[in-house]
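The working numbering applies: residue 95 is where the sequence shown begins, and numbers increase by one.
The beta-carbon is built from N, C-alpha and C at its ideal position, and this holds for glycine as well.
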Amino acid sequence: MPKDATRAQEAVARARRFVAEQVKPRIEEWHRAARYPRDAVRASGLTGLFCPVEAGGLDLSYPEGMAVFEELGRGDAALAFSLSMHNAVAAAATRHGDAELRGRWGGPLARGQALGGFSLTEPQAGSDATALTTLAVPTKDGWRITGRKAWASLAGEADVFLVVCKTSKESGHHDIAMLAVEREGGGVSFSEPYRKPRADFLPIADMILAEAPGRLVAPRGKGMRAALAAIDVARCDIAAIANGLHAEALDVALRYARDRRAFGQRVLDFQGIQWKLADALTELEAGRLLTQRAARCLGTPEGPVAVAHAKRFGPDAALRAAILCSEILGAYGWLEDYPLARFIDLAKMLQVVDGTAEIQQLVIARDLLRRARDL
Ligand SMILES: Cc1cc2nc3c(=O)[nH]c(=O)nc-3n(C[C@H](O)[C@H](O)[C@H](O)COP(=O)(O)OP(=O)(O)OC[C@H]3O[C@@H](n4cnc5c(N)ncnc54)[C@H](O)[C@@H]3O)c2cc1C
């Protein structure tokens, strides 16, 4: 259900402006400078999408939020991913944090004065989160966390991280908790940033925790469920971002094929080209429908499977579209003058981030097995 249609429309308009005025003209500069565009992100007004209005947020419903992420995906999927992660942390801090976390970080995160990171993955624990070893130990004045996290996005940049940890040495996920850790709270350091072909403005590194103080956000036993709930929203965001990348790739190819001539006619007038573009448009429409349905199901028992369908489909379809659209530009598709080579890399990234395609298939297959049992 829309919460406040005007606020939602304004958020989409802000995202469109942010992409047109900041992201598209500056993305290569940000990449070359290897610096996160913190000021531009703060000024975007898109840092508290799901936070209460009283905290400085926009209080969007999930379907409304997905319309914003689709716009962001048209600009740069890595920057959009960083905003997805930040928004998940801001929503958790403003809605589920205790009074101190809400008071200290809620407003600044919602308004973009502070940035949030989410840290689950470890060097030996990617898809299999039950293999975590980072340990949180209670002390007389709170919790201390020790371990090594991998793939910490906004490493060295985010001010507060939600960190998913074990609270004992027993195996399984029943003792997992989620804690908020401040970057400057002591005991937190980062490896050198990972080297990557794109999006060097987004620092990603290992996060090393050495008795770092932490504040409980989800207690022992509830940490995995809280993490999975946040990841489901993030997966839906990723599907929406993939739709945006897909839509933008199509627009770039359409414009080019309309203006480029070969064999005495517009490239767009070749029927072989039209049919390929038509298939890409069908896939975009399918991706949008899956994403909107998933967004409506978030927080219900159908949420995880609906999200898995959208996350499984969207990035693959976006990759197919980015490759096709690059081919329609011929040699020019490979140049940095157009975003398509970047989009191909970013669609690959979207396939993996927040849970690989195979993990989505696993979620869908479990649903199938339940159905088979009940037939
Ligand atoms: C750009 C980027 C940013 C990221 N940012 C963060 C972040 O901020 N915080 C964070 O916590 N993590 C982050 N990640 C990590 C990401 O969530 C993990 O990379 C992802 O969950 C996959 O883990 P992995 O790479 O270790 O793959 P692995 O788990 O090692 O999997 C390797 C391969 O095996 C397959 N596989 C694994 N298990 C199964 C199975 N049961 N059945 C079939 N196939 C299987 C996988 O699909 C994959 O193809 C980020 C990743 C990227 C690419």
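Under DSSP, GLY280 forms no beta bridge with any residue. Secondary structure at VAL447: coil, using DSSP grouped into helix, strand and coil. Here DSSP, grouped into helix, strand and coil, assigns PRO433 to coil. Using a cutoff of 7 Å, the CB of VAL446 counts as near ligand 1, since one of the ligand's heavy atoms is closer than that. Excluding residues up to 5 positions away in sequence, ALA208 and ASP253 lie with their Cβ nearer than 8 Å to the Cβ of PRO202 in the same chain. With distances taken between CA atoms, ALA219 lies nearest to THR228 out of GLY211, PHE212 and THR228. By the Cβ test, the stretch 102–118 is in contact with the stretch 166–177, since at least three Cβ pairs between them sit closer than 8 Å. Under DSSP, GLN359 forms a beta bridge with ALA356.
Annotated three-state conformation of PHE407 is helix, per DSSP. For the options ALA347, PRO433, PHE357 and TRP428, the alpha carbon positioned closest to that of GLN368 is the one of ALA347. Cα atoms of ALA306 and CYS391: separation of roughly 36 Å, rounded to the nearest angstrom.
Excluding its 5 nearest sequence neighbours in each direction, ARG242 has C-beta neighbours in its own chain below 8 Å: GLU216, PRO217, THR228, ASP300, MET301, ILE302 and LEU303, listed in chain order.
At a cut-off of 7 Å, the beta-carbon of SER155 does not count as near ligand 1: no heavy atom of the ligand is closer than that. In this model, GLY279 and ILE270 are separated by some 22 Å (Cα to Cα).
In the DSSP assignment, TRP428 falls outside any alpha helix (DSSP H) and carries neither an H nor an E. If the five residues before and after ASP326 are omitted, its C-beta is found closer than 7 Å to the C-beta atoms of LEU392, GLY397, PRO398 and VAL401, all from its own chain and listed in chain order.
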